[in-house]
Amino acid sequence: MLNIKEIQTIEQDVIVIGAGGAGLRAAIESSAQGLRTGLVCKSLLGKAHTVMAEGGVAAAMGNVDKRDSWKFHFRDTMRGGKFLNDWLMVEHHAKESPDRVRELEEWGAVFDRTKEGLISQRNFGGHRFPRLAHVGDRTGLEIIRTLQDHGIHQGMDIYMEVTALELLKDGDRICGVLAYYRETGRFVIFKCKAVILATGGGGKAWKITSNSWEYTGDGYALAYEAGAELMDMEFTQFHPTGMVWPLSVKGILVTEGVRGDGGILLNNKGDRFMFKYIPEKFAPETADTVEEANRWLKADKNARRPPELLTRDVVAKAINAEVKAGRGSPHGGVFLNIATQLPGDIIKKKLPSMYHQFKELAEVDITKDPMEVGPTLHYFMGGVRVNPHTQESTTVPGLFAAGECSAGMNGANRLGGNSLSDLLVFGRLAGIGAKEYITKLSGSVNINEDQVTTAIRKATDILNREKGTNPYLIHEKLQETMQDNVGIIRIEKELETALSDIEKLKAEAALVKAPGSSQYNPGWHEALSLHSMLVTSEAVARAALIRQESRGGHTREDFPDESKEWVKYNIVSKKGPDGKMITEKLMKMDPPEHLRLIADASLEDLEAGKI
Amino acid sequence: MANSSINIRQSNYLGTLRADNWWLYPAFVVFGFTSFVIYATWAAFQGDNYYFDGGLMSEHFGGYLSPMYSPLVWVKSGVHGGAPLHHAWLGEMPAWMPAFVTPAFFIVGFPLAFRFTCYYYRKAYYRAFAGAPPACAVGAVPQKEYKGETGLLIFQNLHRYALYFAILVLFILAYDAFMSFFRDGQLGVGVGSIVLLVNPILLGAYTFGCHSFRHLVGGKMDCMSCSKGRLFAWKNVTKLNMNHELWAWCSLVWVGFTDVYIRLTAMGVIHDFHTWAN
Amino acid sequence: MALRTFKVYRGNDKAGELKEYQVNVEEGMVVLDVLHRIQADQENDMAIRWNCKAGKCGSCSCEINGKPKLSCMTRMNSYGPDEVITVTPIKTFPVIKDLVTDVSWNYAQNKRIKPFQPDPKKKDERGYYMMQEDVERTQEFRKCIECFLCQNVCHVLRDHDRKDAFVGPRFMIRLASLEMHPLDIADRIPEVRKDYGSGYCNITRCCTDVCPEHIQITDNAIIPLKERVVDRYYDPIAWVARKITGDKK
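Protein chains in written order, with our numbering: chain H, 1 to 611; chain W, 1001 to 1278; chain F, 2001 to 2249.
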């Protein structure tokens, strides 16, 4: 019989799960608020997926173009998100991100500079003005390293290579986390008053993704099992430009910065096809001739932006259509060419890590030859449904979420550069939220021993079973069904196939077997993450089936248009009393008048300061 | 299946799993340095055939002077291929000086000190001669308590003083190059002039690419934009510094070659093509 | 596709073996792909660390045929068609299991370094001011992905095990990035010499040779720091000048 007294117990006020940008920012804030804070992460510190972010962090500082302001950023984000975003979160984000970026500089970040000596800003898809503070094409690394180097001096405890298995509850409210050390396989209980989830998304359920092994949707599953609501899960962003060759790097990100700096998309006929795919809504703001696009690149303020810089969903779908029509590149993508647009030494200076990546992984010299690119699953707009003022879960007291793991900020589609500012703004907000929650808290919390022993037994069964299915095989099957049936273009029949496949895989996963001991055993780790991926996949597929329209990151072949009716609803999933997933429509709140005015305003009126 | 047990954490001298020819670099360094040191020692002890002006021993400006003997503090007169007396700063070598002492003895220390404390040469000889380490990821020579440059080798910190003297010598060698375009006071050019001209150019590229120099001209500042002049200097020194290893070898080989060329010319073994009348 | 022979270290810090595997290798594969294939098909419990698979996170450091490398950036076609490929963990740090090592010592070093301290005079309401040419040196060092290959190959740590005296190349560039930061006003030169051990580096440059980010660790970080130490502690003229001007640094 398992004796809970023998399990190591660590007490903290707050446990932050995930040490990417959002997790680190939340932990820094929580420490600054005087709370004893523990930061739990699956990898080593500083390796989280934030390092992969390349282009920059969006903040309306107006360093490059003085016309920019939070109102434009707000409007761009709402339009990018197809008006499904949480109005208040978008407002808070647009107003606060400049301060969060300047704060990074206070902590040692070294962004590229303008001639004046201020933080430089670059153009990006969907942003009206040059708005992305950046460091070449390694902005994410700069941010995570800055937060890491600042964070380690703030008094937090960091638990590296520790995976959370289950959120522990005392009645309704959070009282701790059950986790295990990957190194030894030992279990550990973190007893705490609040938990902040910052676990990122769940791209690993797909075959072609820019996400690393860590992206198994842990936060979604942890929250879901604890009774939280998952919202907007059908909105999965396919980044238009991932590598398509060689096979082993398929899906790895090619930064939007390539297009921001002038890169053009071509099909195998040599046509710059994006001119054919400009949606009506964006037509007034998009160049319709090559000549005008070139002028824009030379910083002509009267020219409109090139169509390559339309929002990610539009570009991804256009590439998908070109490939399906037989106009793709040899390895099933399209060509992205910067070699003809910029001199070689400038390319190397502006996009050093892209140059590096293609040279070393694909043996392509991007200063001479075009890249081959295609869509890759990149980001979850949806996630844990939270209170926009505190980032606290709508249903579980003491549970907070920030960054990609939470929903609301990005609506149906995220603009490039908004994720880095999102994690700074809402990471901080979650830290403050946790402080407010804990201050009001009375009485002590108690760990429920049954919950702990059940969870541990479930985990160790995987090792102790005589025989069972190979966890890698189940993962592979899940990736195949998600890729084929819940991809960029969705259709009712395929979504139903996916759901029935997921049911079968759930049964298989219940009997999974990992050989070897519990000490640093990747097979066991893989088996333990299957549950998270299955919950995530099911939530995506269910929500995708219900939403009968095409909007942002969700495209239905059987309902190809945006519907006026559907903009009023979010789709929310939660665990029902019978243990099955319940997915339903939820009416969105009406926007505050002052925000609606900004979102609907014409650019001219905004620029003129009429609104 | 052929599985083999291995003690992964143990350090053995020369122990490595590297299968490439990692020993090529240290072998090359040992060969290069040893050859140069043997030749230079031999040449310094000769005391003759270090100067050539077509055999005129002219009192006028001009002539080829080997960099291994320059600057001349004292000269011995009546030596075959020696410089005329007026070339020496202090004239005739004092009589009390032991017989084996040649003019090279007084100046050899300056370039030696500069090269010995040079940040590039340190890598080369620590690897090749001290085996600390012989090559990357190849087991180092075991040491009781490794001290690096905090113990006996602490004098390496004075590299910049060696640099100051090296810059002085460089200007003298540039003067020698200028001088080589004259013979008996007449302007002209010979193959030897070209050889002597290349010498300070290579040495200059090496000396002005020195890490200490790079630090002193601008590297020590945190605000590079505060002085445009120093930023410009630092940028250009940096360009030379990036190829410090190349310049170190080229200039070393060329110094040796220049001495060989002048020696053979002075000995009459080879003919120096030139534009002068004689 | 071709069948290739691999030898991979299996074991812990005390004992282990090079175990042989036959793997099908396809065009475009890197060494990490092959390790994953072994893991999925033959050895579910073979321990490796990896994350981004694009040379950006620095997790998959190991030694391939004796050379410290990122396995995700080492292409199979950089080896001869019949070459046996041996993969071992980085040698300088204790092995936890197979290819995974305990690198916590490095995190402890980072914590010892005095944090960034900006000069409040260099900012107004629009932020801090610094020029591109001033930040470029620091930016080079901030490219570091903390793969610790430089720490692994540094013979001071690897062969002589002087972890007590020298922080290693990774933290020399961290120190250089702070010391050369145009906004930073903290002074770390005394610690660079005494606590972090700049004198232990004998500039044999293996750190620079193995850096996957091609950071000029030796030329741009360690030597400039050594020169700053010389300014403060070894240069008699600089010492006299300080006495005359009354400058403490």
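Here a beta-carbon is modelled for each residue, glycine too, at the ideal position from N, C-alpha and C.
{"Item": "Helix, strand or coil for GLN357/H per DSSP?", "Value": "helix"}
{"Item": "Thinking C-beta only, is ILE489/H closer than 9 Å to LYS207/H?", "Value": "no"}
{"Item": "Give the straight-line distance between the Cα atoms of VAL1189/W and THR1238/W, rounded to the nearest whole angstrom.", "Value": "33 Å"}
{"Item": "Give the C-beta separation of SER210/H and HIS378/H to the nearest angstrom, bearing in mind that I take them to be a contact with Cβ-Cβ under 8 Å.", "Value": "5 Å"}
{"Item": "Comparing the C-beta of GLY1032/W with each C-beta of chain F, is any distance below 9 Å?", "Value": "no"}
{"Item": "Going by DSSP, what residue range makes up the alpha helix (DSSP H) through ALA2238/F?", "Value": "2236-2245"}
{"Item": "Which same chain residues end up closer than 7 Å to SER518/H when comparing Cβ atoms and leaving out the 5 residues on each side of it in sequence?", "Value": "GLY185, LEU463, TRP524"}
{"Item": "For PHE2116/F, which residues in chain H fall below 8 Å Cβ to Cβ?", "Value": "TRP107, GLY108, ASP149, HIS150"}
{"Item": "Are LYS435/H and GLY176/H close, meaning C-beta to C-beta below 9 Å?", "Value": "no"}
{"Item": "Threshold first: 4 residues or longer. Then list the alpha helix (DSSP H) segments lying entirely within the segment 2029-2076 of chain F, N to C.", "Value": "2031-2041"}
{"Item": "Counting contacts by CB-CB distance shorter than 9 Å, is GLN2139/F in contact with chain H?", "Value": "yes"}
{"Item": "Mapping DSSP to helix, strand and coil, what is GLU96/H?", "Value": "helix"}
{"Item": "Per DSSP, which one or two residues make a beta bridge with ARG122/H?", "Value": "LEU132/H"}
{"Item": "Less than 6 Å between C-beta atoms, sequence neighbours within five positions excluded: which residues of the same chain meet that for ALA601/H?", "Value": "ILE611"}
{"Item": "Tell me, please, whether the CB atom of TYR2196/F is closer than 9 Å to any CB atom in chain W?", "Value": "no"}
{"Item": "Does the segment 2039-2058 of chain F come close enough to the segment 46-62 of chain H to have 3 or more Cβ pairs within less than 8 Å?", "Value": "yes"}
{"Item": "Check for me: the beta strand (DSSP E) holding LEU266/H runs from which residue to which?", "Value": "264-266"}
{"Item": "Can you find a C-beta in chain W that's less than 9 Å from the C-beta of GLU2043/F?", "Value": "no"}
{"Item": "Helix, strand or coil for CYS2211/F, going by three-state DSSP, please let me know.", "Value": "coil"}
{"Item": "From ASP2231/F to THR1150/W, what does the alpha carbon distance come to, in whole angstroms?", "Value": "16 Å"}
{"Item": "Assuming TYR1050/W and ILE1262/W make a contact with CB atoms under 8 Å, what is their CB distance in whole Å?", "Value": "6 Å"}
{"Item": "Could you check whether the Cβ of MET381/H sits closer than 9 Å to any Cβ belonging to chain F?", "Value": "no"}
{"Item": "What is the DSSP secondary structure of THR50/H, counted as helix, strand or coil?", "Value": "helix"}
{"Item": "Pop quiz: MET381/H and ASN418/H are said to be a contact at Cβ under 8 Å. What is the actual Cβ separation, rounded to whole angstroms?", "Value": "Not quite, the Cβ-Cβ distance comes to about 10 Å (not below 8 Å), so this is no contact."}
{"Item": "Beta-carbon separation of GLY200/H and GLY20/H under 9 Å?", "Value": "yes"}
{"Item": "From LEU2035/F to TYR2129/F, what does the alpha carbon distance come to, in whole angstroms?", "Value": "47 Å"}
{"Item": "GLN2132/F versus chain H: which residues are under 9 Å apart at the beta carbon?", "Value": "ASP112, ARG113, THR114, LYS115, GLY117, SER120"}
{"Item": "Considering only the beta carbon of each residue, do LEU351/H and ASP261/H sit closer than 9 Å?", "Value": "yes"}
{"Item": "I need the DSSP call for ASP1259/W, collapsed to helix, strand or coil.", "Value": "helix"}
{"Item": "Using C-beta distances below 6 Å, list every residue in its chain close to MET1093/W, excluding the 5 sequence neighbours before and after it, in chain order.", "Value": "TRP1074, LYS1076"}
{"Item": "Please state the DSSP three-state secondary structure of PRO1133/W.", "Value": "coil"}
{"Item": "Return the Cβ separation of VAL2023/F and ARG2010/F in integer angstroms, given the expectation that the two are a contact with Cβ distance under 8 Å.", "Value": "Not confirmed; about 15 Å, so no contact."}
{"Item": "What are the start and end residues of the beta strand (DSSP E) that includes ARG2010/F?", "Value": "2002-2011"}
{"Item": "Assess, as a yes-or-no matter, whether the segment 585-602 of chain H is touched by the segment 1079-1091 of chain W under the definition of 3 or more beta carbon pairs within less than 8 Å.", "Value": "no"}
{"Item": "Can you find a C-beta in chain F that's less than 9 Å from the C-beta of VAL135/H?", "Value": "yes"}
{"Item": "Once you ignore the five residues that flank ARG2037/F on each side, which residues in its own chain have a CB closer than 8 Å to its CB?", "Value": "VAL2023, ASN2024"}
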